[in-house]
Structures are given as C-alpha cells and as structure tokens.
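Here the structure comes first, spelled out in structure tokens, and everything after it is commentary.
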C-alpha cells in the first residue's frame, strides 16, 4: 500500500511548510517538494488543505463498566468516532475493581479492545494496594508497554485512592520510570456535599456542579502535586477544568516541579448553565466529573494551553444514553458520569482555538497530538510527520464547515453536547496506518484494524527526575561518640 | 487593691500616647494625663517605659501527656515563665485520647490548670468523631466558654484528624459559632518519610526536618483551607512556619476567605542548621513540629506579620528535658516534640522585630496580644488598654537588656533555644489582674491566682460568615413535569 | 452644647456594644451604659440604631478647575451632600498648575473651602518640580498640616508626573514624614490609545474605557510601588479599580512593603456597560478616570477590602452637569472626567457590602472612616468613638430604606449614577462637631461651620520605614591600597 | 566537502537517538543508522559523544563602541571564541547613536562583521524616534533580514527609550511582523541611585549592584510587558536576571500574552558577592548590567528555564580589559559595562544544568539553540538536526573535562569570570557550515567564513497575534440621533 498526499501544507507542532507525503506500509517514507505519483496505490490531492499528525486522545473510556451500567460506545464505535474526527489513537483506561488482580483486568480490557479500528493503548488505574499490585505494576511496565498509572482521588466507597495509596504507587512509578496520573477531586468533600444536597432534597442535575465545586478539584490537585514533589515524581493531571487548578500547576512548575496538565474540549467550550436546563434529560446528559464550570474558567484554560501550563487536550469520552442517564432520575448521584466528545475534539479546538486567534496552527497540533505522544513516550512514532513515523495523519480542510449533531455523529449515544454548533475547519480525510480510514463523512476502516501500542518507560523528562531526587536525599550527621 | 502606673507611654495596637493608668480590683478604671496618687496602694514610675497590654500566648502545652511522657512545665511553672516574659494569659489545649469523652478530658485539664498563676483558657482537640463528640462540642461552647477546636492533621496512628473528621467538625463549628484550628502537616507523608529515613538508617535528629519538609505543611494547610472554604467556615492555622503556607493563606484571603495564621517566636528567629549540630542532645532539643526551616523562611514570616497574612504569634511551649529527649536516642521519631519559649516570646519579637524596623510598636502589641484576643473573642476584656479592660499589662523597658539563658529562665526545662542571645527591650514589670506579678527578675504571684477565661462564640468575623455561606446554598431547579 | 445619644449600639472598627454617648463642645466626653439626660441640650433616641464614627472621604474635588470648566459642587454644596450621607470630613486636593507656586495654590484652595459645612483637609499635588517645590513641601508639612502629596501619572501635557518627578518628590516625602499618593494610569499609553481611537473615528464615551484599560492602571501602580520600594517610602494608591492593581499591591505587601489602597464606592457597584448606553449623555455622565470596569473586577475589590489589601473607600467626587459633559460631544477626550458620589458612599457600602455579608459592621467602619484617619494620621481625633475624640458621628438606621435619585440628592449636579437603586441602611442623623448636622433628609448646618484639620507628619507606619530603609543603605568596600 | 559523523547520539530539543550524519556543501543531507564512508571528505568518530545543533547566542556585542571605548573582542576574536565553545551563530546588535540614520548604522555594523568566522545576524536598536526611523525599520525588515528591534530602558541621557518611543516602535513592529526586545531597567531610578551613591562617596564597584537592584529590572519589564499587551505585540526580554522579573513574565503569560525571556549563563552561576572583592579590578571585571544578583535568584532562573518561562540563554558578551575597566577607577558609573562569556555558555549550562539534573539533554538543546532559532524565525535552518538544515553542529563529549581560564580562552580579554571552574562536558568538535571549525582546543576556521543570516518577519507566534489584537479593537456605539 503506497498512499501519496500531494499539494498540501504540512503543519507540525513546530513547522509549517508545503510538501508531498508518501506513506508506505503504514509509515511515512518520503516528505518532499514533489513526489512523483509513480507506483502509488492511491493519491490524495490536498490542495488548500493542511496535513497534520492524527489526533491522540489520551483520555477515553470505551465500554467502561461504571456506576451500574456500561458506557455505550465500545471500542468499535468509539474508535470509529475518533477516526471520523481526525483522531488516530486513543489511550483508554484499565480500571480494576478494588481487590481485582491488575493483570487480569488488563487482559480483560485488551480483549474488549480487539475490535478497535484505530491504534490504542492503556493507562492502568490503581484502585487498591498490596504487594501484588506493586509487583503487577512492574510486569505491566516491563512486559505490556504500560508507562502510566491512574489514581482517582474521588469516588469514595468505590475506587478512590487515599493518600497512603498514592504515596505507595507514586513511589513505585519512580522505580519503574512510569508516570502517575490523577483524577483530582477531594472524594470526602464530594461525598459530604452530595449527602448535604440530598438531605435538603436537591436531587436534580443542578446539584451535580454544587457537589463538585472548583476548590474540590484544586485541593486534590495540590495534594497530588505535593505528594509527587515530596517523592520526586513527575505527575500528569487529567481533565483540569478550573482556573484554581491551573494556579496550583503553575505554582509547582515555578518551583521546578515537572507537572503536566490535560484539559477537555468540552470544558473549553461549554459552561455550567447547562445544569439549569428545564429539561431534566438535557441537564443530565451533561453530568460528568469534573462538571462544567462558570464561563470565566474557559479563558483560563485557553491561556493554560497557550502558556504551556496545560500540554494536552482530551475528551474523557464516556458515553451514556438517555435510558442510562435516567438511572439517576431521583438522585443525581446515580446519574452515570460521562459525555461523548471523541469525534468533535479537533474540530472544537480548531474552531474555538485557531479560528479565534487563541492558538497558532502549530500549537493546535501540539495540544491535540504531539505533546501527548511526548509525555506518554511514543514520540516520534506518533504525533510527528517525519520519515519512519507511523502514517497517522489528518488532512484538514480549514474552510469547510460542519454542523455538529447527534444526527451525523459516529458515537452510538443519543445526544450531542455540541448540538447545532457550526464548525469551520474539519477533517477531510483521516489516514491511519497509511490508509484512508475516514473520508468526507464515511468511516472506511475494518473492525480490528487498530493496533495496541506499547509505551516504554523513562520518557525524556525522567532522566533528570532521579538525579534531582537524589539531591534531596538525607545523610546522617556524623556525631561525636 | 489600687495600682497606679505613672509617667509611662501607653502603646496599644493602634495608638501611642502618654498617660497614667489606674488599676482597681483587677480592671483598668482610669487613663488620664495625670492621676493623683491619693488612696493608691502601689505606684509604679514608668518613666522611659512603655505600658502595653500583657501578652496572650494562644498556643501552649503545659504538662501535656505526649509521646509516652509528660511535658515538664506544669501550669504553675509554665505560667510563671509566661508572667516573667510579660505574658498574662495563655490558651492551652485539651487533647482527648481517641475515644475519650471530650468533657471528661476537659475537666481533667481544668483540674491540672488550677495551679495556674496567670489567666488561661482551652482550645479542645477533635481527635475522633461520633455523635457524642458532636454533642459535647455544643456543651463546651454553651456551658464551658470554649470557642475553638483543634485538629491535628499529622500524628498518624495517634490523634490525626482525617478529612471526613474535619468536614464533620468544621460543619459543627459553624453551627456553634466556634472556630476550627489546625495543625497542618500531611500525616501520611510524614509517616512515609519517617519510615523511609529509618530504613536508610538515618535515625538522628537531622532526619526530623527531612521527614517534615515545608510542602508537607503547605499541602495540609491548603487542604484545611479548602475544606473550610467549601463549608463556609473561618479557619485558624497554628504555627505557620513555611513561606509556602503563607502563599496558601494569601491565595485564600485574596478570594475572600477568612483565614487566620499564627507563627511562633522560635520559627521567626531560629533556622534548621540546629539539626546539624554535632551534639545529639543539642540537635534533639530543637525537635518540634513543624521543624525549624531554612533561613529564608524567616523573612517570609516577618513579612506575613507586617502585611496581615499572619495575625498572631505564639510559642507552642511544650518543654521536655534531656532525659525525655533521650527516649529517641536511637530513633528520631521517638524524640518528644517540643521546645520551651513562653517566657522569651515578647523579648524575641521586640528585639528582632521592633528594634530592626520590621514592626512598629503598635504592630508588636497587635501580634503579641490584641489580635489573639479579637480572634478568640475576648477583646477588649483582654488585649486592650481601656477603661474596664482587665488590668493585664506589661511595663516594657525598651533600653534594658538581658541575656537569655537556661540559667535565668523560669521554665523547668534544662535547655534554652535562645541561649546566649542578648535582648534589648525587656519586661520591667508584669501586671496581672491589677497586681504586680513579676518585677525585674522575680515572679511575685501566688499559685492558683490565674482565672479560667470563658470565650464566647460568634466572634466579629462570624456575623457575615453565615450570610456569605447562605449565598452559596443551592436551590433545586424547577423543571417541567 | 451638650448632645446625648441614648439607647444605640456603638459600632467601631473593632467593637460592637450598647452604650450612651455624650457630646460636649464638639468632643465626646462620656460613653456609658446609661447617661442621665440632665443638663443636656438635646437628646437623640437611637433605639434600634447604630452609632458609628462619621465617614471620612479621603478623595473629593470640590469646585475643581479641570478640563476647561469647574466642578459644579463647591465646598458648600459638596460638604452638605457629604453630611447628608453620614460623612463628616473630606480630604480634598490642592492641584497647582505646573509652575504655580505651591503655597499660593494652597491658600487659593483654603479660601474656597471657607464655605465648608464639615471638616476638611487637603492633599497637595506635585505637578512640576524645582527647588521651590521641594522647599514649599516642607512649609506645607511643618506649618500647614499637610502630610500627603499627590502625583498624577496620567494627563499627559497637563499635570502628569514623570518618573524623575516622582523620585524627587517621594524622596522629599520621606525626609518630611509625609506620604506620597498616586493616581496610577500610564499617561503615555492613555494618550496613544486616545489618539488611536480618534483616528479611527471612535469619538463617543464608549471609547473612554478603551483608552484606559486595566493594564494601563496596573502598570502605573506597579511603577509607583517600585519607585516607593526603591526609595523606602510608604505609598497610598487612590481609586484602585482593577483586579490587576490589587495583584500589584499584594505582591508588594507580601514582600514587606507598606502600600495602602483606596477604592471608590462607584467602582464597587457599577460596571462598564454604562458606556454602551444609547443615550450619549447617560454614557458621558459616567466618564471618570479610571473608568468603570467589567463586572468581575467588583468582587476583586470587595475581596481587597475584606482581606486588607485595600484599606479605604472614597468617592473622587467631582461633579459635572450635562452642559459641562457636552463639551466632549464630538470628542470623548474633552468630556470632563468625574462623577458625584460623596452623599451615597456609606449607603452603597452598607447596602452592597454589609447586607450581602461581604463585610462585617466593624469592617464597614474601618473602610469608611477609621482606616483613613489612621493612614492620614488624625486618629483617634477622627474615625473613633472614644473619650476626647471629635464628636463626628453617624447614627445609622439599618432597617430604613431610601431610593437614591437626582431628585433627593444634595449635590448640585443633574445626574445620579445610582439612580433608582434602593438602599437598606441609611443615616438617620449625622452629628458633626457635637451638633446635629443632618437629620432624616434635612441638612441643618451653617455654611462655614467646617474646620480645617491639621494632619501631622510621621504617622505610625513611618516610625519603622526609616529604620528599614537604613538597612538597605550601602557601604563602601574597604579595599587594599 | 562531505563530512560524515559516525557513531554518535543525536540530541535535539525533543529527541535522543543514535544515527550517523552526513553534511554536504554546508547542509545536512543524510541522517541514518549507518552511512557508508564512501566518497566522504572527512569522517569524525563520535563514539560516546553527543551530536547537537550548534549553539545560537542571541545576545552579543562584538567591538561595540560603548561608554567611551570599544569592546575588545571584534567579530573575528569574538566568533572564534563562540566556535571554541560550540556556538555556531550569534545575533549581535546594531546600536545607532541617537539621531543617527538606522541604515547607516546597519551598514557600519555589517562592515565590521565581515571578519566573522561563524554565522551572524543583527538586532537593531531603537534609540530615538522620528518618521525616518519608522521608514527605516520597514527597509530593514523587508530588505535586510532584520526581524527584531531592541529598546534600552536604561542609560538615561544616552540611548534610553522612553515610553512614548516604545509605544511608537512596538506599534511599528506589529505592522512589520517584527518582534520588539527590551533591556529592562528603569533608567530614571538607576540614575537617581547612582547619583545618590556618589553623593555619599560610595564610588567603587560595590555600588554598581546597589544602583540597579532587582526591582529596577522587574519594574521596567512589567512596563514593557504592559505596553506590549496594550498594543497587542509579542515581546522578548533580554538578560532576565531577577526572580521578580520572572514573576512579571509569568503573570503576563498566565493572562494569555506572548512574552519570551532570555537569561545569561553568567547570571545562572555567579552571584553578587563578586562586587565585595577586595581587589578593585576583580570586582570591576564583573560590572555588567543587570548586575550579578544574590544567590537565591539563580534557582529561580533555572526553574524559569525548566518551566518554559524563559526560553533562551545568551551571554551579552561584551568584553573590556583591565585598562578599559580602569576608566571607572574613581567613579563606578564610568566602568564599561560588560563581561566575556560567549565561549563558556554551553559548558556552563551543561555542567551546572544537565549534570545537576536541572535540565534534560533535550532541554539543553532547546535553551541553547532551538528556541532562539524559533523565536527569531530561522528554524529549522538553524537549531535543528534535519535534512536540509544548515550543518552547524557541536559534537559534545559529556565525560571530558576542562578548567575554564583566561589562559586557554579565545576571547582577547584579560579576565575570565569562570576562572578555575572545572567543566564536565565540553565541545570536542564544532562543525560550522559542514566543516570542522573547532577541534579539541583549536579553532580551524578562516576569517570571514561566517555568513550574514537573513531573518524573515512573521514568526509562528505572529500569525495569531494580529487576530487576537483585532478582537480588542473598539467599535463606535450606534446612538440615537
């Protein structure tokens, strides 16, 4: 298979230039001013279009068993939606039940993911702790290409990681060259606020954001950052939604700590007024954690991306349909948390970020693809347009428009949080593994075409972590006897 | 008893002027340019001296049972040391054992304190939680003059308060008009670092500060602040020692929260080099929590007092002698935590604060006396020079000097952390309840002369707390049926 | 004249208690539980009401010659409006023309002010510099009770103070124990933006805020702060309107500098949407500098008052009627800058600050009266309820309401920026110099009853300023010859 | 000329991998696992060594006429020193005298630079303003490859740029797609402090840092940032030396502004104790502006590089020998400002940055080369190891050591500020334009081999600047007639 893309402008995280690109057997083999179309299987004319690395969504939950149900997008529909939006790789999550063997859970998820149509990888969650967990973390890193472990600081009485668990797990991550990630919300405060709201008979979705105010997020973020700093560990914060959390990240990086932050396309564009909707289902459809925030947080997040305090954008794609959402009809704490967004992410970022002048095109590539590849140590195999890089590309039509809607989406869910918004700048083609996987409205790829991507430990930022940690190590004072 | 103080300059937290002061039956009854010395029992000529409200030390631990021993200064020796230093009231701590009835503990401490030679009051610690604790808090507030409850975020496996306990207790404080206070150190991190140091065979006092770095303090402070903010509670942080904690306080107050901070005379003047001392006992004598910090934190604390980010100064007076300290000879985690300072506080603040130009004389009074009286709602009975205020005064000789030393101190302990330092500006007389309690080196007061001071709830800052909390309260959305 | 106020609750900046107050010959002579009404000229029953120190407005411009016209409220109408709002003292400004002799200007203003009905004092502006200015500053401080000098960083080509002038003047202030104050806006940027807007034919009042964005204010504030810090001078910033300026103040105070900030009642409650009004005159009536800001700045200012980053509230009362405003009909830069507010300040602060739970009653007194008295060194003569303090009081009815309107105001101007707002909490009586000056709607005082108040140099904060400045002084290195 | 580098590890700003590199006719033509050494002119065996982009020093002053003398390193000796240290390109400064025609000055400098042995380019300083300056800026951008203009905020009565000049020049930069850069020090404060020190007879080099304290720098930085923000311009701050300036940069970037910061190798490693040296000449040799700072600023600068608040490192190389320094023997303000550092920069950054764990190797490349290339818009021609990039490389021996000394340096000056420091990690070879320009101690290149590098306008960050600026543009309100 030899695919030639002609006449386009290549946009990477740091360069913009015109060149043709040849993809052979899944990788990029030539980038040149003019590549002749001899012996080529297929030619795409990208005149007037931009060729960018395919999106990497570092935060999805396909067919997640959660809150008594299962997320409706499986690895097939979910990855098709991804490709339809220009995303060519997802990093999903293995979430063992407390006391469940990590490897068992890992293999369970690997099995579910065989249907995937784009490449994928897994973060593994640490939801409990004993020596076997510590051992299995090593196996996952050394034998299964896992270099990141997730910690939920929320969800008391379920999968919540307490401080002692995080201390143990972060310490283990350092030994293995892996990076800890956290969902930062103070689970005790959330639980208290939930009970307090229910006691006052406030049971609808409008109670959801009140049970998880920004300070509940920034407190937990600051705590995780402090634990990481004390131990000498890097840290990755998922779905930063509040300006206060950005303040915590900046405070840490100003003091020399290596902390990375992710934000969601949805948090960048939707505010908490949705929870006041008169229609219960409309409001419930937006229930996710962290919740949507007051409007002023959005500019803070854009500034975070511009200034480098946030590096990545993701979706936390976790789709539940109306019937599932209705499980919480009488009690908002039973509404399954999650929204669909994996298809829309790049369009939303471009339309609201690049078109408005918030981000350069290069920054767009960085925050939708390259930075995730670097942090999770698969760059330049992913996230790059270079010779020998995987031929995962999106060919972007900056002038074409599309109205986002439940009608034309690829997710199975029956709701679209961006319903009716017109996007200027959309994917014309998505190239995965050197083949056209999506073309102007149609997903063309075979089920199971996606590959599992091993992510090796010891990413670039890790080389000095240990050294600087060494400098903090104590020595005994030699005292007179 | 009519005591007349003549020819002195009165210094309050906001005024400086010359006047005579007449004390009758324990209270101030006249403040005038010239008060005739007729019918007066005793006259003090304060020519060239300053008349200031007696110091209030809001943080002492007399005869505290702690870490397998009992602090060596009891309420007699401890309060004598206080008076010798110009301090006329202490607020000590009732610390129930986990599961111990709060009222039982309270009465135990009241019994111990009957020997006190100056006035005193008690914070009560919340070291466990159930409905009886909640009920007893009400009894303490309504019947026993307690308006503040303490939470130790450190001391895992002992008296550590977890987040859920703090949420419950802070909520109860709001209902009662009391103020929660916290010892802010992340107990899980401290425990981990202690074990980690011991495993590496670092067992001396030099390990103590390494097991409690500044971030362990600022993390906990930020967490307590976040809990208080979420619930709508005021908060008082004891012994702030690190610049990072000040940053957390300022961040909160900038956002409209009411957070108060206390710092210790010792942290303002002594740095962590003491733990490197070749003499084990010298190093161990300085073991307290939070530990002494690198020198640069001191200026931050002074700036905190100047700018109002910190309101009070205290001592955490908790004296252990060499024999007691030696319990940790082979394991620093067994060294009883605490130092003696109640006598030296005012001198250290004056010498290092006023003489250097860091603080005005008025600010000195505010941070050694008046602010504590206001926060703990006993102003202007205490902390003021006004008609009808308690006649608790210190007559300060700004030119006299004294060398601080274990030799001339009033504490029973066998060590002085300020050994050999020369102070310029010392108390010439301490007046307690309208009588001379200390005079140029000699404590004159009878055992048991001190009174228990009731502290009523709903201090000034509380009047709006509730209102602003109300504004955060959720309402259910009215939805179409 | 003996005026007795009975049955009220006294509210000071730090205490709340019930007592009667007796005023004799202009000063307070008794404060007691029950004062018999024998030999009393007049008795006010303050049952259900609050007795507070009369307001001090540290920033007014009565009959100011400015921008080719003269502010319409003279010292008679302006001070009557003040008294009608519970304000018993104003500090106005002497603003010499460049090259005008300072003493000449001072006497000019003293002459104008003889009509004043409440007490007053003058800041003097430094609008140019030579040796005579330096000399006259000394005369003003030593002979005329001036302890503050104002510097306009805006108004290029008119009264703008450049950096070299501020350096010279601040240095002189230190020598004299006076405090420099600044109007912080970068005059060069304002001028550039004005020209740029006019060039683009944007000539209406909507251009006014665009020509003076928040950063223009915070830049100048930071510059003045930096100059003061370098020289070792205290600093007072007038009319802080932007959150960014608060950040600059906090940054300075965190580093130990003594910077005071004032904000205006109008900035706390009115936002920049007024400039979009379709009615030119309505928009123009709000033209003042700094301009009204986007709504989010208001909460920052309230938090500034709560946290002590701002100490005082003022009005910058400078009233121009429609005819005067119309001078800028074709060019917004010719609209005379200023609004009327001296009557409404206390009501606005109470209604929007105390009633909403932002401020305690004590804080209300602090920011409307006591803090100004302290900073400008007339406390406790002013700003206090103490024996021998001036009997300047406001008797506040916290339940009474009033609709603010041009119809019932005492200013001469034909506009009210608070038109139609209902205030809960209004002055029932204003007592000035021990006499009823205002009573439920009616100003009763005689023209010329107000006294000029001398303000001595070397306020409390000054005592250490010099010492800490000394510590920065260089010494020559002794080098080998 | 075909030069093959074999067996080395390539380190770029974002990747580390093993490959051979072939350079032909001045550019890189192959990067492969194994490149055969057929038809190759020269082979370098880089076994155990690192191949990195040659350093770019964006801030040098060769043979600068300054303070009555001329910097002793001309473009020949200066660029030889650069090559000896692994730097393959410098960006020097054209500094017209006030009133001197910009193009005339530009051509003067171009003439002087013909001797250069490595590539070079020029920033042009704006030292005065009229319409001709504005016109000449356009010519320089469009015809002479200049895309950056420098503004000195210090040096009153000489080349100081006032606010109105900066407003005019920054505005012009936006029109041309150029970037303004500033030397941030408040010239008025510096002048005042200098005079004040001289008046007190403090005339030695110890007075130099006292005349330029950190706040003098951060004030000016904040002012330039505010002007740039108001106008919508990007900004580059040269030689950031103080933590306060970093705070100003961070404050700006948090709010969405595009501000870049440079720091000097010398400020990262040398502190202000040098000015206390008993030897006048030793102290004077360190006189540069901004001066060396107290030690704590160094960690702040390292953290700035780590966190991305600072992007580039430079030297401000401006060498004056003892005789020249002696011009200020009796008056420190006459000591020519400047130190030599162009040879040592990379070694100092590696030894103190990479070896200590502060920076990764990739970050080292970013801050010594790639970031400067990106900001000044010559990437990936410079600062990259890519096909078709200029073959400017440094082959780094991370284990070799060298003692820095005046004895073995290539600068002509008679002093070395790093005298006696042992560096681990040094350049083994420097490759410029595909030829070995320096090899283990010896500079091999011919005089005049360096090329002038055109830098085009509209760097990446510029594309959105204009758009976001548009969003701030005012519109007239449509009013009723």
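Residue numbers (my numbering), protein chains in the order written: chain A, 507 to 987; chain B, 507 to 987; chain C, 507 to 987; chain D, 507 to 987. In this text, a Cβ means the ideal position worked out from N, Cα and C, and glycines have one as well.
Measure from the C-beta of residue i to each C-beta in chain F and report whether the shortest distance is under 7 Å.
{"i": "residue 695 of chain A", "result": "Here the protein chains are A, B, C and D, and chain F is not one of them."}
Answer with buried or exposed for residue i, where buried requires no fewer than 16 other C-beta atoms within 10 angstroms of its C-beta.
{"i": "residue 613 of chain A", "result": "exposed"}
{"i": "residue 996 of chain A", "result": "The question about residue 996 of chain A has no answer here: the residues shown for chain A are numbered 507 through 987."}
{"i": "residue 659 of chain C", "result": "buried"}
{"i": "residue 542 of chain A", "result": "exposed"}
{"i": "residue 870 of chain D", "result": "buried"}
Compare the C-beta of residue i against all C-beta atoms of chain A and say whether one is closer than 7 Å.
{"i": "residue 751 of chain B", "result": "no"}
{"i": "residue 662 of chain D", "result": "no"}
{"i": "residue 710 of chain B", "result": "yes"}
{"i": "residue 747 of chain D", "result": "no"}
For a contact meaning CB atoms closer than 7 Å, what does residue i contact in chain A?
{"i": "residue 698 of chain B", "result": "673"}
Under the DSSP definition of a beta bridge, which residues are partnered with residue i?
{"i": "residue 928 of chain C", "result": "C:909"}
{"i": "residue 672 of chain A", "result": "Looking at the DSSP assignment, residue 672 of chain A forms no beta bridge with any residue, so it has no partner."}
{"i": "residue 522 of chain B", "result": "B:517"}
{"i": "residue 691 of chain A", "result": "Paired residues: none, contrary to the question."}
What residues from chain B crowd round residue i, counting only those whose CB sits closer than 7 Å?
{"i": "residue 886 of chain C", "result": "521"}
In chain B, which residues lie less than 9 Å from residue i when you measure between Cβ atoms?
{"i": "residue 845 of chain A", "result": "Neighbours of residue 845 of chain A on chain B: none; closest Cβ ~19 Å, over 9 Å."}
Against chain D, does residue i count as a neighbour if the rule is that its beta carbon must be under 7 Å from one of theirs?
{"i": "residue 969 of chain A", "result": "yes"}
{"i": "residue 634 of chain C", "result": "no"}
So is residue i in contact with chain B if we call contact Cβ pairs under 7 Å?
{"i": "residue 881 of chain A", "result": "no"}
{"i": "residue 868 of chain C", "result": "yes"}
Of all Cβ atoms in chain C, is any one closer than 7 Å to the Cβ of residue i?
{"i": "residue 786 of chain D", "result": "yes"}
{"i": "residue 721 of chain D", "result": "yes"}
Give the residues of chain D in contact with residue i, contact being defined as C-beta atoms less than 7 Å apart.
{"i": "residue 812 of chain A", "result": "762"}
{"i": "residue 809 of chain A", "result": "760, 761 and 762"}
Who are the neighbours of residue i on chain C, taking C-beta pairs under 8 Å?
{"i": "residue 865 of chain B", "result": "970"}
Which residues in chain D sit within 9 Å of residue i, going by Cβ to Cβ distance?
{"i": "residue 756 of chain A", "result": "756, 760 and 813"}
*On the three-pair Cβ rule with 8 Å, is the region 665 to 680 of chain A touching the region 767 to 783 of chain A?*
The region 665 to 680 of chain A, when compared against the region 767 to 783 of chain A, does not touch it at the 8 Å Cβ threshold.
*asked:* Could you check whether the region 619 to 626 of chain A touches the region 584 to 593 of chain A, counting it as contact only if at least three pairs of C-beta atoms, one from each stretch, sit closer than 8 Å?
replied: The region 619 to 626 of chain A, when compared against the region 584 to 593 of chain A, does touch it at the 8 Å Cβ threshold.
*Contact between the region 746 to 764 of chain B and the region 779 to 788 of chain B (3+ Cβ pairs under 8 Å)*: In the pairwise beta carbon analysis, the region 746 to 764 of chain B is classified as not touching the region 779 to 788 of chain B: fewer than three pairs are separated by under 8 Å.
*Report yes or no: do the region 918 to 932 of chain B and the region 851 to 859 of chain B share at least 3 C-beta pairs separated by less than 8 Å?*
Touching, yes, given that three or more Cβ pairs across the two stretches are closer than 8 Å.
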